[in-house]
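The numbers in the numbering used here rise by one with no breaks, and the one at position 609 of the sequence shown is 982. Using N, Cα and C, we set each Cβ at its ideal position, and we do this for glycine too. Note sheet for the following structure.
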Amino acid sequence: MKRITPLAVAVAAATAAAEPLPMEHVLVSVPLHKQEAETALPVTVLSGDELTREVAGTIGETLSNKPGLANASFGPGVGQPVIRGQQGPRVTVLQNGTSSADASNISADHAVAVEPLLADSIEVLRGPATLLYGGGAIGGVVNIIDNRIPTALPAEASGDFEYRHDTAASLDNVVARGQAAAGNFALYADALYRDWDNLEIPGQAVREDEHAHGEEEHAEQEEGGDGEIENTAGRTKSLTLGSSYHFASGFFGLAVNRLENNYGIPAGAHGAHGDEHDEENEEHEAEHEEEHEEEHGHGDISIELEQTRYDAALHVHQPFTGMEVFRGFLTYTDYEHAEIEGSGEVGTVYENETWEGRLELVHQPLGNFHGVLGLQLVDSEFSAEGEEAFIPLTGREGLGVFLVEDYHADNWLFELGLRFDRDELSPDSAAAADESFDAFSVSGSALWNVTGAWQLGLALSRAERAPSTEELYSNVENDHADEWVEHAATGAIELGNTELEVETSNNVDVSVDWRNENHHAAITLFYNDFEDYIGLLATGMEVDEVPVYVYHQQDAEFYGVEIDTEFGLATVGAGDLRLGIYGDSIRGELDDGNDVPRMPPLRLGARLSWQSDQWRLWGGVLDAADQDRPGVNEDETEGYTRWDAGIEYRLQTSAWDLLAFARFNNITDEEIRLSTSFLREVAPEAGRGVEFGVRYSF
C-alpha cells in the first residue's frame, strides 16, 4: 500500500478559536425530517459551498470523496454511486424522494438520469434503507434534492448562473436557475448545458501488466495510445419548469423535466471484462479481434439517452385531528436510451415507463411517540428492443406499506420500523413465467446523548429485496451458448437466473459521534450478513472471445469502518485553519470463500483549509491501497495517491453574491484505476487537470 506523507498536526492541542461548524442540515430523506444528530442511521449530506466544491458531472464522482461512498465509472459519461460496496439494483437513486426511474441498475454503462449540478443538496443513507424506499435500497439511498416544486413562496425573485470549465476533458458546463412568486404561485426554472471531449489521462488507456504483455501495439491502435481515452466525448442538456400554489395549510405543485444525455462508451470497453486468459488465448484474441469486430459490427459505441419526467406534490399541514402533516408525491417518467454502434446503426433501444406514487401521513406526538405511516406504489414497463436485445419486455408492479415510530425518553431516542413489499413481474416471453415476491423488513435503532458533545448510536435491520428484471431474465430466451446475446456496450454476455429467491440483509451499525462548536469526529462500524446474495460473477468462460457472466446466489458478508473528522486548528491572520481526516475500509466475502468483486479499497484522506470572509484555500490528499482481493476471475487493482488543491474568492453585497473558484485535480498526474469500475483495465480516471468557474447569485 502506498502511504500518505505524514502531516504534522497537533490535533489534540487544537483549542484555538476557529470558525464554528455549519448548522446541521434538516434531512428530507427521512419522513420526520430530522437533523443529522437526531438519527442513528448513517447519513452523508452535501449542500451549500461544499456541494459546489465537490460536484461533478456524475453523481458517483460527486460523492466519491466521502467515507463509505465510491464511484463506479464507465468513462466520464457514467458514474454510478457505490455505497459500502453495493451498487446497481441495491442502491436507489431518488429525485426529491421518488425514483430516478432510469436504466442505471440494469448495467454498469447506463448513466443515472439525475443532474447533481442542479441540486440544492444531496443526501445519502449509507446502509439498508428498505424501510422507507423498498428493496432497491437494501444497500442505501442517494436523494438529489432541488426546488423544482417550490416548497415555500419566495419573498423576492432570486436565481444563480454558473459556468465552469475542466481542462481534463475540455469540459464546458453552464447552469442557470431562478425562482419567483406571483400572488400565491411560486415559479421555478432551471437549465443546464454541458459538453466535453475525450478524457485526457496519464499514459495509456490499457493497463500494461502481466495480462497485457505483447499487446502494447494493439492497445495503442485500439484505445488511442498515450494521453486520452478514445470515444469518451459527450453532451448533456436539461430543462426544468415547475410551479406550486400555496394556501393556508400547505401547497400543491407540478414540475416537468427534459433530460438529453449523449456520451461515448470508452474504446476498449467491448471485451474489457475477461482479461484472465492464458498466453495462448491472448495471442488468439490479438489475431482475431478484427474478425470479431467485423462479425459483430460494434466498433465505437455511444449512448443516446432521453428522459421526460413529470412530478406532482401535495403537502397539507394538520389535515385532520391528530395528524401533523400529509405528503403526497406522484411521478411519471418516460425514459429511453439507444446504444448506437460505430456504423451508426441502432443496436439496442431500452425503454422504461414508470408511474410512482408515495403517500406519507405523520401523526402528532402521542406521549413520547412520533411517527409516520406510508404507502408506495410503482407500476413500470421495461423493454429492450433490437437485434442485440437480451431482456424481454417486462411489466413490474410494486406495493409497499411502512410504519416508522420514534420514542423519546430523556437522553435516548429509539426508532422502530416495519415494511411489507409485494413485487409482481410479468415478462412477455414464453421462456419465462410471471413471478411474485413478498419481502418483509424491520429495523430498530437507539441513539444515546451521553453528554452535550457525545453520542452513541446502534442501528439494527433485517431487510429483504426481490430480484430485479435483469437478474432474472437476461438472455432467458436463449437456451444455447451460440444464441446468447452480447451486451455490446459492456462487451459481456450476461445470463439471468429465474430460480433466484428473495435476498436478505442482516445489518448492524455502531457509531460514536463527538462534536462541539469547532470540532467534529465520527466513527462508524458496520457488519452486513446477506442471505442468498445475488451477484454477477465472471464464469471464466468465453463465447467467441466474449466473457460470460452469470447471476448467482449465495450467502455473503460485508463489514467495514468509516471515519470522518474535522478540527478547528487556529486563527491565522484574518482566517481560520481547519483539518479534516477521513477514511474507510470495506470487505466483502462470499460464502464459498471468494471475495465479492469490484469492492472499494482501503482509503485514507486528509484536507487542510484556510478560510476568511472572502477567501478559501485548501489542499487535500487521498491515498487508496491496492485492491488485492478482486474476486474470482478478476484482476487486482493498484493503489494510488491523489493530490488536489483549490482556491475560492467570494464578493458579496446586499443584492448579489459572486463566487470565483479554481480546483487543481490530480496534481501529480497519477494513474488511477478504480477497483469498482468494470473498465478499470482499459479506462483509467482523468489525469492532471484544472477546473475553474464562476457562480453569480442574486
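Selection from GLU843, GLY759, LEU490 and GLU770 that minimises the alpha carbon distance to LEU436: LEU490
Do the CB positions of ARG457 and GLY513 come within less than 8 Å of each other? yes
Between the stretch 884-894 and the stretch 859-871, do three or more beta carbon pairs fall short of 8 Å? no
Where the alpha helix (DSSP H) through GLU843 begins and ends: 842-846
Where the beta strand (DSSP E) containing GLY461 begins and where it ends: No beta strand (DSSP E) contains GLY461, which DSSP labels as neither H nor E.
Sequence-distant residues of the same chain with beta carbon closer than 7 Å to ILE1040, five excluded per side: TRP1016, ASP1017, ALA1018 and ARG1061
Nearest by alpha-carbon distance to ILE522: which of ALA562, ALA757 and THR465 is it? ALA562
Leaving out five residues on either side along the sequence, give the residues of the same chain with a beta carbon under 6 Å from the beta carbon of GLU729. THR471, SER472, THR704 and VAL751
Closer than 7 Å by C-beta to ASP937: which residues in its own chain qualify, once you throw out the five before and the five after it? Chain order, please. PRO440, ALA895 and TYR955
Is the stretch 906-920 touching the stretch 940-958 in the sense that three or more CB pairs, one from each, lie closer than 8 Å? no
Comparing alpha-carbon positions, which option in HIS710, ALA621, SER616 and SER756 lies nearest TYR683? SER616
Please name the residue or residues paired with THR767 in a DSSP beta bridge. PHE755 and PRO800
Counting beta carbon pairs with one atom in the stretch 422-430 and one in the stretch 616-631, are three or more of them shorter than 8 Å? no
For THR842 and PHE534, what's the separation of their Cα atoms in angstroms? 40 Å
Is the beta carbon of GLY978 less than 8 Å from the beta carbon of GLY993? yes
Less than 8 Å between the C-beta atoms of GLU930 and THR877, yes or no? no
Buried or exposed for GLU589, please, with buried defined as at least 16 other CB atoms from any protein chain shown within 10 angstroms of its CB. For GLU589, the predicted model reports a pLDDT of 46, less than 50, meaning its position is unreliable; a value from the coordinates is still stated below. Its Cβ having fewer than 16 others within 10 Å, GLU589 is exposed.
Cα-Cα, which of ARG1023, GLU1058, LEU981 and GLY433 is closest to THR1010? GLU1058
By a C-beta neighbour count over all protein chains shown, 10 Å radius and 16 as the cutoff for buried, is GLY1066 buried or exposed? buried
Inter-residue Cα distance where the pair is ASN444 and ARG463: 14 Å
Please look up how many angstroms separate the CB atoms of ASP493 and ILE518, rounded, as I've assumed it's under 8 Å. 6 Å
Helix, strand or coil: which one does DSSP assign to ASP684? strand
Apart from the five residues on each side of it in sequence, which residues of its chain come closer than 6 Å, Cβ to Cβ, to TYR636? GLY450, GLY607 and ILE676
Starting from VAL1042 and walking both ways along the alpha helix (DSSP H), at which residues does that stretch end? The residue asked about is misnamed: residue 1042 is Asp in this sequence, not Val. Counting along the chain, ASP1042 falls outside any alpha helix (DSSP H), and DSSP gives it neither H nor E.
Identify whether TYR1069 lies in helix, strand or coil by the three-state DSSP scheme. strand
Less than 6 Å between C-beta atoms, sequence neighbours within five positions excluded: which residues of the same chain meet that for LEU1024? LEU1031
Can you tell me which of PHE899, HIS743 and LEU766 puts its alpha carbon nearest to the alpha carbon of SER753? LEU766
Test item: CB-CB of GLY452 and THR431 under 8 Å: yes
Simplified DSSP state of PRO489, which is helix, strand or coil: helix
DSSP puts GLU930 in a beta bridge; with which residues? ASP902 and GLU962
Mapping the DSSP letters down to three states, classify THR435 as helix, strand or coil. helix
Taking the C-alpha atoms as reference points, what is the distance between ALA997 and ASN478? 26 Å
Keeping to the same chain, check which residues put their C-beta closer than 6 Å to that of ASP651; ignore five residues upstream and five downstream. Model confidence at ASP651 stands at a pLDDT of 41, short of 50, so the residue's coordinates are unreliable; what they give is reported in the following sentence. Correct list: empty, nothing qualifies.
Tell me the DSSP secondary structure of ASN510 in three-state form. Inspection of the sequence shows that residue 510 is occupied by Ala rather than by Asn. Helix.
On the three-pair Cβ rule with 8 Å, is the stretch 710-725 touching the stretch 683-699? no
Just reading off the beta strand (DSSP E) that ARG1023 is part of, what are its end residues? 1013-1025
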